[in-house]
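If you want this note's numbering, it's the 1-based position in the sequence shown plus 787. Ideal placement from N, C-alpha and C gives every residue a C-beta, glycine not left out. Here the structure is a predicted model, which is why all the values come from computation and not from measurement. Heads up: the structure comes next, in structure tokens.
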Amino acid sequence: DVVTKSGIFGPTTKVIVDYYYKKDPNLRGLEREHAQRALIIDRWKQEGMTKDDIGYISDADETFTRDFLRAMQVCLVPEFEFHNHCELPLVRADSWTFEGSLRCLTSLMKNTPSLVIGECIDKIGDSTKHPKPERGWNGIGWMSDGWTKKGKFASLPKPTNNETGNINGAGTTTLYYPLLNAADFRRLRGHTYRKSGYHFHNFFPSIVALRFKYKTYGHPVRNAQDERMPVENIHSDIEAMVSCLMDRPFSNPKFRVLKDGMDSPNRLEPVVYQYRDYVDARHREIYDEVLLDEAKRNKTRQLDMKVKKPIMIMNDSMWDPNIFEMLLRDGVSGKEAWRLSFLK
């Protein structure tokens, strides 16, 4: 109901929620994700999408800024108006990335999500003019390297007669390029607009849910649900989150945690950042979840050693894992059991 009836997409916008389910043990990893995304274009076509509409595909935690989306609707966008027969009709955001909390901003700018003009989308554009490329993952994945290597579309027929043959941006050619499917939204580079989006990464309600995601998503980590492994060891993104939450050192050659967060005057805040009570409550929520996960790991370690669960000193307080475990068995929530198992 929050998605379909709240009006967050406008009072007259038709909102559809669809489900993808295919019990196929051979459909694994990114192939399953490609199959899920392919359903999106099928629904666009079913709902009457035209060549002048804009296709927008993103994960649930990615978004363009509202102002940027409005600009795509009303401004002349070169990638949509002068794409040279669908050479690269794709726009990407250069998104600020938050890890788990709005107070945990990183320096990693991710190139998601993506927009493509309908004229250049598979099943929406004119398939009689555009060549059909070879594709991986049983035809639902992105174009094979022979078509997309370094953006030069090496497998396309060579231009003839008066065609310029210039297929890398300058000038035009009568050559037509392949229509893009949902996997190409993810794969092709397109043109990236700086600071035009946000990535609210790993905003899960619990560490249990976070571990489940890394066990089951498109790039699964096999032992992600093993509570003996520190959650920060699953992925460097989670390590950055834990470092920020717990104020611990974080060293990664690719990115860093920004200590001043969104408070720098050079950063465009998401609207939700203005609601500081929510920002602080969310930060505390995931902070408590990390503490709970670490407490469970300590308990598991003690069980593995076949040692009676001792009272532990945590945050200058005494914590009794026996009480904690008893409360969980009695149906008390994890956070409440954690709070009640500290000895006065």
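Using the C-alpha atoms, what's the distance from residue j back to residue i?
i: C891; j: M1049; result: 9 Å
i: I1073; j: Y808; result: 30 Å
i: R981; j: F1042; result: 17 Å
i: M859; j: E834; result: 21 Å
i: L997; j: N989; result: 7 Å
i: L856; j: L863; result: 13 Å
i: N813; j: G926; result: 15 Å
i: V1008; j: I1021; result: 7 Å
i: D788; j: M1105; result: 44 Å
i: S1038; j: E868; result: 43 Å
i: D1091; j: S1128; result: In this predicted model, D1091 has a pLDDT of only 49, less than 50, meaning its place in the structure is not dependable enough to derive any value.
i: I1110; j: K1083; result: 13 Å
i: Y1062; j: T800; result: 27 Å
i: D805; j: T884; result: 27 Å
i: N1053; j: S793; result: 32 Å
i: E874; j: T1003; result: 34 Å
Looking only at its own chain, which residues have a Cβ that is under 8 Å from the Cβ of residue i, when we skip the five neighbours before and after it?
i: G928; result: L817, E818, H821, R922 and A970
i: N898; result: R879, A880, D881, S882, R976 and T979
In the DSSP assignment, what residue or residues form a beta bridge with residue i?
i: V903; result: G842 and L877
i: T850; result: Y985
i: Y980; result: A880
i: L967; result: I908
i: F885; result: L892 and F987
i: K897; result: S882
i: V1029; result: None, per the DSSP bridge assignment.
i: V864; result: Beta-bridge pairing links V864 to no other residue.
i: M1016; result: Paired residues: none, contrary to the question.
i: V1044; result: T893
Please state whether the Cβ-Cβ distance between residue i and residue j is less than 9 Å.
i: E1081; j: P1017; result: yes
i: L1032; j: H1070; result: yes
i: T850; j: Y1060; result: no
i: I844; j: P920; result: no
i: R824; j: F972; result: yes
i: V995; j: G1121; result: yes
i: V1066; j: T893; result: no
i: R830; j: V1058; result: no
i: R974; j: M930; result: yes
i: I828; j: N968; result: yes
By Cβ distance below 7 Å, which residues in the same chain neighbour residue i in space, the five residues on each side in sequence not counted?
i: K832; result: K910 and I911
i: F999; result: Q1012
i: V802; result: V790, T791 and F796
i: K838; result: G905, E906, I911 and G912
i: D1024; result: E886, H988 and N989
Contact defined as beta carbons within less than 8 Å: I believe residue i pairs with residue j. What is the distance between those atoms, to the nearest angstrom?
i: I904; j: P876; result: 5 Å
i: S914; j: L966; result: 7 Å
i: L1078; j: W1125; result: 7 Å
i: Y964; j: H1006; result: Actually they are not in contact, since the Cβ atoms of Y964 and H1006 sit about 29 Å apart, beyond 8 Å.
Any heavy atom of the ligand FMN closer than 8 Å to the CB of residue i?
i: K919; result: The ligand content of the structure shown is nil, which means the ligand FMN is not present either.
Grab me the residues of residue i's own chain with a C-beta within less than 6 Å of its C-beta, minus the 5 sequence neighbours each way, in chain order.
i: W924; result: E818 and H821
i: F991; result: L997
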